[in-house]
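First the structure, in the form of structure tokens, and then the observations on it.
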Amino acid sequence: MMTLKAWYTYVEKFVGVSGNKDGLDTLPDGDFLKPWESNVVEDYFSKEMKKHYKDRHVIYGRCAHLTESKPQFIEQGRGLCMSRRICQRGCPLGGYFNVNSTLIPWALKTGNMTLKPNSVVQSVLYDEVKQKATGVRVIDSKTKETTDYFAKVVFVTAATLNTNLILLNSKSKRFPNGLGNDNGLMGKYIAFHNYRATIKAKCKGFPDKTIEGAKPTSHYVPRFRNVYKQETDFLRGYAAGFGASPARETDIRGFGATLKKQLLETKETGVWNVNSHMMGETIPKESNQVTLDKEKVDSWGIPLLNINVDYDENDEKMIQDFFEQFTEMFKKAGFVNIKTNDNKRMPGNDIHEMGGVRMGKDPKTSLLNSWNQLHECKNVFVTDGACMTSTSTQNPSLTFMAITARAANYAIKQMKKGLI
Ligand SMILES: Cc1cc2nc3c(=O)[nH]c(=O)nc-3n(C[C@H](O)[C@H](O)[C@H](O)COP(=O)(O)OP(=O)(O)OC[C@H]3O[C@@H](n4cnc5c(N)ncnc54)[C@H](O)[C@@H]3O)c2cc1C
Ligand code: SF4
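Just so we're aligned, residue 1131 is where the sequence shown starts under our numbering, counting upward by one.
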């Protein structure tokens, strides 16, 4: 049987992850493609932190961008990343891993995939006699027509919150509160990462240096608080990003030729901007819950999802600690004009939502077993962020993909044995 570690490697080989082998327990190494070069200030900060702290590492931010060609990427039809850093527009080269560039074309090649655009899943269908799920009910987003699709196994991976919504909305005589929700815990223990806190400063060193190109990643500081023992008055910890770029002074007033001339005459100021943002773990709590609205529905008649999630004292203390620790670290590196900011944005403006359909051994306290099957309806698998209440401070997608691949492999074996 493959371990979960082996499934991470399986995914990394397919996806293509560029990174360094850093040898840290807090962020285990993977099967990496070569990294981009760090810039001079990233390198400097990393070395300074090594000098001052045993446990604070500033490393290259691993990213799912192709820096090397390999047979599997050629087979996927993907090209190398050209370091243009406009990935959010969608990459025409398939330089970074995503569903459109990689997974859909790959699935199409099997000949077993039918793409059904404009399909909004309303619920999972449950057969009271067979005592299993039989498929999904889909509403066409344009015509609003309803169609039932039938399947032997259903994977619900609509991203954490929508997965909760679909399952809560999958009501039957057997499951009046949502599919598999006998214990009433579905929708509870929602967690996410807290991105409220940022810090910025100026670095006056290296005035004659600049950057080349626009690598699509910056640096990363893995968690260093409360790792081996509880050392603060808040629980858990945070990771952080770290970026450095040369500041430019540009006169952007005016139009046409004047503006062009000004832009071309831009002078380096000889100063670098540096910044960090916190990625804090929130504590999964029963009170952080999503529920179906009893009255309001969306354009397709599906109940709206009410999201009742908030920060607490632990999050506030963590933010203060990030400010104190990073101010100290920035000072030790000799950075000046240090400014901290709490943007106070609401939870939900952040990313990496998790929970609501959590895994566990005991059906009384969890909804999924260790293979991501609903305890009470074994041919339904939930493998996105809904299945876990927390990914600590790690960016979660690699874990979502590793457990999804593991669950898919398991589902095939179970089907072959006639067990689901
Ligand atoms: C700005 C931003 C930056 C991020 N950066 C990182 C990062 O650096 N590292 C990292 O690990 N993660 C990152 N994430 C998180 C990452 O994007 C998610 O963890 C990941 O996409 C989750 O995968 P998923 O398949 O569960 O959900 P998604 O990728 O959201 O896919 C769910 C799909 O289901 C569809 N869907 C939803 N509801 C229905 C329905 N009712 N019927 C039919 N289809 C439906 C959606 O349209 C969507 O296509 C970032 C997220 C954001 C927003
Ligand atoms: S930077 Fe982003 S958009 Fe540009 S080639 Fe690389 S992956 Fe594609």
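Every residue, glycine too, gets a C-beta built ideally from N, C-alpha and C.
Our two residues, L1210 and T1529, have alpha carbons roughly 24 Å apart in a direct line. For a cut-off of 8 Å, the C-beta gap from L1157 to G1146 is around 18 Å, too long to register as a contact. By the 16-neighbour rule on beta-carbons within 10 angstroms, M1545 is exposed. Going by C-alpha positions, D1381 is about 50 Å away from L1238. Taking C-alpha positions only, H1182 is separated from K1462 by approximately 8 Å. The Cβ-Cβ distance between Q1419 and I1320 falls below 8 Å. By the neighbour-count definition (other C-beta atoms within 10 Å, threshold 16), Q1503 is a buried residue.
Look at M1489 here: in three-state DSSP terms it is strand. A distance below 8 Å separates the beta carbons of G1485 and M1518. Cα atoms of G1160 and Q1360: separation of roughly 28 Å, rounded to the nearest angstrom. Spatial neighbours of F1227 in its own chain (CB-CB distance under 7 Å, excluding positions within 5 residues in sequence) are listed in chain order as V1145, G1146, A1194.
Counting only runs of at least 3 residues, the stretch 1261-1335 fully encloses the following beta strand (DSSP E) elements, listed from N- to C-terminal order: 1262-1270, 1276-1280, 1284-1286, 1318-1321, 1327-1333. When only Cα atoms are considered, D1492 and V1283 end up about 23 Å apart. Between the C-alpha atoms of V1254 and N1248 there is a straight-line separation of about 17 Å. With respect to the 8 Å criterion, D1312 and E1506 are classified as neighbours on the basis of their beta carbons. F1336 places its beta carbon less than 8 Å from that of W1402.
Excluding its 5 nearest sequence neighbours in each direction, T1457 has C-beta neighbours in its own chain below 8 Å: I1329, I1468, T1470, listed in chain order. Separation of L1298 and G1464 (C-alpha to C-alpha, rounded to the nearest whole angstrom) is 53 Å.
M1132 carries a coil assignment under DSSP once its states are collapsed to helix, strand and coil.
Shortest Cα-Cα distance from L1154 to any of K1547, L1365, C1217, R1353 involves R1353. Listed in chain order, the non-local C-beta contacts of D1185 below 8 Å within the same chain comprise F1354, V1357, local neighbours out to five positions each way being set aside.
Sixteen is the threshold: when 16 or more other Cβ atoms of the shown chains lie within 10 Å of the Cβ of D1514, as they do, the residue is buried.
Rounded to whole angstroms, the gap between the alpha carbons of D1270 and D1278 is 11 Å. Following the DSSP letters along the chain, one finds G1371 inside the beta strand (DSSP E) bounded by residues 1368-1379.
Listed by position along the chain, the residues with Cβ atoms less than 6 Å from a non-hydrogen atom of ligand 2 are H1195, C1211, M1212, S1213, R1214, R1215, I1216, C1217, C1221, L1223, G1225, Y1226, P1346. Rounded to the nearest whole angstrom, the C-alpha separation of L1223 and D1363 is 48 Å.
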